[in-house]
Every structure is written in C-alpha cells, then in structure tokens.
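Following: one structure in structure tokens, then a few remarks.
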Amino acid sequence: MLVLPGKGVVLASAFEYLKMPGHVTGQVMTRSSIGRIYVTTATATLVHPFYRGCLTLEIVNLGNAPVELDILSRIAQLQFHYCGEEGEAIRDAVSGRYAAATEPEFPDFTSDESEYLKLRAFRPHPRRRREEQGGSKD
Amino acid sequence: MYRLVRQVCDADTLAIPFPIITYINSAMEEFPTVSGASGARILLLATDELNFLHHKLDAVVKVCHDCPIVPDFPSNVGVIAFPYTERNSICLNSLLFHELGHFIFQKARVEEQILPSLHDLDAKLETVTSRGMLFGQPVMLRMAKQTILSWCNELFSDLFATTLVGPSYYIAFDRLIRLSGSDQQQQTEFFGRHPADLFRKKLVAEWLIRDGWNAAIDKADKEKANAHVLSSMAEAAILDPVWTYGLDNSALALVMLDSFLSVVPNVKESVKEISAHLSSQIDDFEKHYGAITASLVHLCVPKVQRGENGGDVYPSPVVVLICGSLLLRQDLSPIFELTGRKPDDMQDRLWVEDRLNRLVMKGMEDCLILKKWCVQ
Numbered sequence: 003m004l005v006l007p008g009k010g011v012v013l014a015s016a017f018e019y020l021k022m023p024g025h026v027t028g029q030v031m032t033r034s035s036i037g038r039i040y041v042t043t044a045t046a047t048l049v050h051p052f053y054r055g056c057l058t059l060e061i062v063n064l065g066n067a068p069v070e071l072d073i074l075s076r077i078a079q080l081q082f083h084y085c086g087e088e089g090e091a092i093r094d095a096v097s098g099r100y101a102a103a104t105e106p107e108f109p110d111f112t113s114d115e116s117e118y119l120k121l122r123a124f125r126p127h128p129r130r131r132r133e134e135q136g137g138s139k140d
Numbered sequence: 237m238y239r240l241v242r243q244v245c246d247a248d249t250l251a252i253p254f255p256i257i258t259y260i261n262s263a264m265e266e267f268p269t270v271s272g273a274s275g276a277r278i279l280l281l282a283t284d285e286l287n288f289l290h291h292k293l294d295a296v297v298k299v300c301h302d303c304p305i306v307p308d309f310p311s312n313v314g315v316i317a318f319p320y321t322e323r324n325s326i327c328l329n330s331l332l333f334h335e336l337g338h339f340i341f342q343k344a345r346v347e348e349q350i351l352p353s354l355h356d357l358d359a360k361l362e363t364v365t366s367r368g369m370l371f372g373q374p375v376m377l378r379m380a381k382q383t384i385l386s387w388c389n390e391l392f393s394d395l396f397a398t399t400l401v402g403p404s405y406y407i408a409f410d411r412l413i414r415l416s417g418s419d420q421q422q423q424t425e426f427f428g429r430h431p432a433d434l435f436r437k438k439l440v441a442e443w444l445i446r447d448g449w450n451a452a453i454d455k456a457d458k459e460k461a462n463a464h465v466l467s468s469m470a471e472a473a474i475l476d477p478v479w480t481y482g483l484d485n486s487a488l489a490l491v492m493l494d495s496f497l498s499v500v501p502n503v504k505e506s507v508k509e510i511s512a513h514l515s516s517q518i519d520d521f522e523k524h525y526g527a528i529t530a531s532l533v534h535l536c537v538p539k540v541q542r543g544e545n546g547g548d549v550y551p552s553p554v555v556v557l558i559c560g561s562l563l564l565r566q567d568l569s570p571i572f573e574l575t576g577r578k579p580d581d582m583q584d585r586l587w588v589e590d591r592l593n594r595l596v597m598k599g600m601e602d603c604l605i606l607k608k609w610c611v612q
C-alpha cells in the first residue's frame, strides 16, 4: 500500500514489461476512476516503437487529501496507435537512455550535454561573457 | 545493536535485491520444523563493508532478555548483509545464500552433530604439544576445536548455498576469488576462520557434479556457450594440491587439518539431511533454459510459457537466477549489436551488464508474484 499525501509525488514503475513492435506507438493515460480522486499517473506519455521496459509513472496527487494506492492496482491505461505497416521496420533495435528499464530511474541529463553546450555557445550568459572578456565578476 | 541500528538507518531499504530476499523468506516457510529454521524471517541490510555478512545475534538476544524494560528479541529473525555497491549484481548476490547457510548452521545446531566426531582431537593434540608451549593444552584444544568448527561452518554454508542455487553459487564464488586477487599458493592456505579457497571451490564443484548440474547444463545449452563454465567446474573437482595452514606448517596445524578433513563427510551429511525436503531445480532448468536465455538476450523479461493444459507455467525464481548467471559469463555481443553499444567501451559494458542484472531480478520477481497471483 502506498499512501500519497496531498500534493505529493512519487516516481513509480509499471509491473508489466512491454516490448513494442516497430510499427506501433503507445500513449499512457490515467484511468478515469483514478483521475476522479485527483491523481494523475503520467506526464511524459509517449511510448516509442521498439521501446522495451517497465513504464515509469510520475504519480501526482493534485488534491489536498492523502490517497491510498494498492501495489499492483490498475491506475493507468495504454492506448496503441499504428504508425506504419507491419514488417516495415527493418530490424529490432534498442536505443534510448531508459531502454530496458525495470525500475523507476532518475533523469539522466548527461547525454544532452553536447546539445546544451551548443546552445550555450549560441548565446552565452551575460555574466560569463563579461568574465571571458576579463571584466569584473560582479 | 548499534551496528544493526546504524545499518538500518543508513540503508535505503528499497535498494536491496528484493527478489532474492523474498525468495529466501518464502523458502524458509518450507523448512521442516526439526531443522530449527522453520518460519524464520531473514532481514537483509546494506552494509558499507566490502563483504557479505551474517550477523550473529546471540549477544543482542541475551541483552534484550536480561534487560527488563526491553521486549525479547524475536528468536526466529536472522540478519544478513550485502555490500551496498552490489545492489544490482545478481551474480555476486548469490553469495547471500552462503550467509543464509551460516544462519541455518546456527539454528539447526549442526555444530553439536559434528563435535562428537572430534573426540580424538585431545589425544592427537597430546602427541604434538609439550609443556614448553606458550598455552596450556586445554587452551590449545579449545582454540583448535573452534577453528575446525569455523571451517565446518564455512563448508556447510558453501554446500548449502550450492544445493539452493546450484551453478549460480559456483560462479559467484569463483568471481569472488578472482576479485580477491590471491595467487594459486594463497588459495591453498587455510586461515583462522576460512578453509582454503581452492578447497571450497573443489568441494562445491564436486557437489554440483554429484547433483547432475554438469550434465544438465551440457544438455540444455545446445550451442555449448557455457563450455568454459563446465570445464572450470570439472577442473576444480579434480584439484588435489597440498593444503597448508597459513604460513604455519607446525605439527599442531597438521593435526587440525587432518581432523577437519576427517569430519568433512559429516558436514556433507548434515547438508543432505537439512536440505532433503528441497526439490531439485534441474528438471525445471532443462525445461526453461532455452526460453529464459533467449528472452534475456533480446533484453526482455523471461516470457511466461503455456503449459500442456493451457495454463501458464512459471519456472522457479532460482532457475531464472541460474540462467542469468550463466548468461553473464558468456559472450554478450548479440546484446551489444542490438543496443548499438560498444563492447570495448567501459560505460557501455557496464550499462549492458546492469540491464541484464535488473532483467534477471525482474524475472525472479515476476515468477514469485505471478505464481502467488495464480494460486489466489
């Protein structure tokens, strides 16, 4: 039993281990009964083709009252969409930093670093620009 | 008590190999009452020490009993600990079954069954001790008995763990020896509390071959991907070096070694007796090895199979553990190819191994939960 206090959040994991085919995407959504007690179960809802792993759920209690959630209870639903023809994808591939996860994992921003550095080079922070030009730190 | 409380406070209680301890506790329920371990509850703690431990609770139990304001410490609780860094290592965590063996050795009073076989130790010691020695004979006798019983305890725990998790324990123990970095000579030396590493490895390998694990792996593994594990087990079983006691090869040390070797059959008998109710995992292993390994190679949790009568068939969690341990000793290039990661890159290798370890744990957990679910 998980007791989620009012405005509380928890990073959880679905029990089911998914292996998506190459021509199907998925979308995770809160079940309506759970939504009616002001709990949402997912914020990043897209499941990619070929994804495999246990879905990570960001459970948020938007209400003020504590909510009890049973372990293994049904709180989310998954909607599937075709995004191509079966057999179109050439071969199975596992990619992405959270692939084959079996537990909730904390975010990993390290693989975004090169992108972040490019953006920072595009428009440096004013203080850093002054520092680089030999100006005062203040 | 402080050591235990500190570990409980420090530990992140969710960061333990949950499926292994759940399996251990479910196995304890099946122990016969005569073993003294029936219905025992095992608590697993993360420790900052670089070793797997079994906490002896005699002192805690006594203090709780003697102190009038403190409730009695539950007599059926055992505490074992693992290095917190190894939380996800399914392979090394097979050593937890060895620590469970220490708990069983204590609860089942195996020591009392072995002691009568050491009745002639006193006479043997008389021939090698003299009045000129630093300690009197009673002290020497007590010390020698304690050392031999300690070796018996280790050997009992090794064989008990091998009975429970088969080749997984051999692989974990072999890895631990490699990690310790000791050379061939050091591995033949007995120490104060532990028999020689090679001696233990030899007996574990013999036990596995006796149980039929060599033949089972050879039969189930059609691609012979585990040939090196099989040859390592066969080589270990025929080892016969000269065993020594540390650096001291005195007459006293030789008496102790001789007495220990004479009670090894008694230790084996005790393990057989205590684990007589446990069913062999070999049939289950042969049936599920192919499917479990194929799922893991595709980075998937082992699939549930349909039985002949249409129902779901779940392997024992231990079979998933054994298949995972064997796979981790193999060439993982199909997984590197699937994930586009490089085998030479340390980060990539760690990622793949970590994922495999977690999948094996998830597979064990599924077998435990789904089996219970179906029964309900």
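Top line first, the protein sequences correspond to chains A and B. Note that the numbering used here has the first sequence beginning at 3, numbered continuously upward. Note that the numbering used here has the second sequence beginning at 237, numbered continuously upward. Yeah, the Cβ is synthetic: ideal placement off N, Cα and C, and Gly gets one too. These numbers were taken from a predicted model, which means no experiment stands behind them.
With 16 other Cβ atoms within 10 Å as the buried cut-off, status of residue i
| i | result |
| --- | --- |
| residue 74 of chain A | exposed |
| residue 550 of chain B | buried |
| residue 620 of chain B | Here chain B covers residues 237 to 612 and nothing more, so residue 620 of chain B does not appear. |
| residue 601 of chain B | buried |
| residue 449 of chain B | buried |
| residue 38 of chain A | exposed |
| residue 513 of chain B | exposed |
| residue 410 of chain B | buried |
| residue 3 of chain A | exposed |
| residue 76 of chain A | exposed |
| residue 476 of chain B | exposed |
| residue 19 of chain A | buried |
| residue 554 of chain B | buried |
| residue 339 of chain B | buried |
Backbone CA spacing between residue i and residue j [nearest angstrom]
| i | j | result |
| --- | --- | --- |
| residue 321 of chain B | residue 87 of chain A | 45 angstroms |
| residue 584 of chain B | residue 577 of chain B | 6 angstroms |
| residue 309 of chain B | residue 302 of chain B | 11 angstroms |
| residue 296 of chain B | residue 389 of chain B | 21 angstroms |
| residue 6 of chain A | residue 62 of chain A | 8 angstroms |
| residue 438 of chain B | residue 23 of chain A | 47 angstroms |
| residue 121 of chain A | residue 579 of chain B | 31 angstroms |
| residue 45 of chain A | residue 96 of chain A | 23 angstroms |
| residue 289 of chain B | residue 317 of chain B | 5 angstroms |
| residue 262 of chain B | residue 253 of chain B | 15 angstroms |
| residue 430 of chain B | residue 119 of chain A | 54 angstroms |
| residue 330 of chain B | residue 103 of chain A | 22 angstroms |
| residue 79 of chain A | residue 49 of chain A | 12 angstroms |
| residue 460 of chain B | residue 454 of chain B | 7 angstroms |
| residue 564 of chain B | residue 572 of chain B | 13 angstroms |
| residue 470 of chain B | residue 464 of chain B | 10 angstroms |
| residue 499 of chain B | residue 343 of chain B | 20 angstroms |
| residue 351 of chain B | residue 587 of chain B | 49 angstroms |
| residue 570 of chain B | residue 377 of chain B | 58 angstroms |
| residue 532 of chain B | residue 574 of chain B | 12 angstroms |
Chain B contact for residue i (CB, 8 angstroms cutoff)
| i | result |
| --- | --- |
| residue 104 of chain A | yes |
| residue 76 of chain A | no |
| residue 19 of chain A | yes |
| residue 97 of chain A | yes |
| residue 132 of chain A | no |
| residue 129 of chain A | no |
Beta-carbon proximity of residue i to residue j, cut-off 8 angstroms
| i | j | result |
| --- | --- | --- |
| residue 506 of chain B | residue 401 of chain B | no |
| residue 413 of chain B | residue 394 of chain B | no |
| residue 403 of chain B | residue 336 of chain B | no |
| residue 42 of chain A | residue 32 of chain A | yes |
| residue 591 of chain B | residue 535 of chain B | yes |
| residue 493 of chain B | residue 426 of chain B | yes |
| residue 594 of chain B | residue 324 of chain B | yes |
| residue 501 of chain B | residue 599 of chain B | no |
| residue 11 of chain A | residue 60 of chain A | yes |
| residue 472 of chain B | residue 441 of chain B | yes |
| residue 408 of chain B | residue 327 of chain B | yes |
Any C-beta of chain E under 8 angstroms from that of residue i
| i | result |
| --- | --- |
| residue 529 of chain B | Here the protein chains are A and B, and chain E is not one of them. |
Residue i at chain A interface by Cβ criterion, 8 angstroms
| i | result |
| --- | --- |
| residue 323 of chain B | no |
| residue 455 of chain B | no |
| residue 608 of chain B | no |
| residue 560 of chain B | no |
| residue 594 of chain B | yes |
| residue 575 of chain B | yes |
| residue 280 of chain B | no |
| residue 537 of chain B | yes |
| residue 591 of chain B | yes |
| residue 360 of chain B | no |
| residue 578 of chain B | no |
Residue i CB to nearest heavy atom of the ligand SAM below 7 angstroms
| i | result |
| --- | --- |
| residue 421 of chain B | Absent from the structure shown: the ligand SAM. Ligands present: none. |
Pairing CB atoms from the stretch 108–126 of chain A with CB atoms from the stretch 60–75 of chain A, are three or more of them under 8 angstroms? Too few Cβ pairs lie closer than 8 angstroms, so no.
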